[in-house]
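Following: one structure in structure tokens, then a few remarks.
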Amino acid sequence: MLVELTKQLLDWNEQVHQVFVRETKDADFKEEIQPFVEQVDRVLEEWRRAAESWVKKEHPKHIHLLQIEQVCENVRVNAVECFGTAKPKRFKERYKSVEYVLRNILMNRNM
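Residue numbers for the sequence shown follow the working numbering, so the first one is 18 and each next one is one higher.
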């Protein structure tokens with residue numbers, strides 16, 4: 018379950034990045050932003066529970082609970098800010114950080 022959710026979250030992270038790249042500054046909150054963020058949040062909450070459970074049970078060498086919390090926070094912030102309010106440098110840092118942790122989880126789970 019964690020592997021599938023992590024892959025979904027990687028997809029969402031990429032979609033968030035694509036929205037940011039398109040510079041969608043005039044997006045409608047009710048029609049575009051809110052539904053998008055709610056979809057991301059549903060996957061994120063399910064992933065968080067699975068990831069925290071896995072970290073507590075397996076104690077992976079390079080993945081810690083704080084990183085799980087940071088991924089959740091970074092994805093949430095980027096999902097909202099990708100519609101035109103993010104500073105490019107900070108957005109990219111959060112995007113890369115999420116990508117790094119998620120890929121590490123996949124590598125640890127597939128070992």
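For each residue, glycine too, the CB sits at the ideal point set by N, CA and C.
Enclosing alpha helix (DSSP H) for residue 85 [first to last residue]: 82–98
In or out: residue 84 buried (at least 16 other Cβ within 10 Å) or exposed? buried
What is the rounded straight-line gap between the Cα of residue 126 and the Cα of residue 62? 19 Å
Endpoints, the alpha helix (DSSP H) within which residue 52 is located: 51–75
Determine the direct distance from the alpha carbon of residue 114 to that of residue 44, and round the result to whole angstroms. 26 Å
With distances taken from CA atoms, which of 24, 20, 32 and 123 is nearest residue 79? 123
Out of curiosity, what's the CA-to-CA distance linking residue 33 and residue 70? 26 Å
CA-CA distance, residue 31 and residue 74? 29 Å
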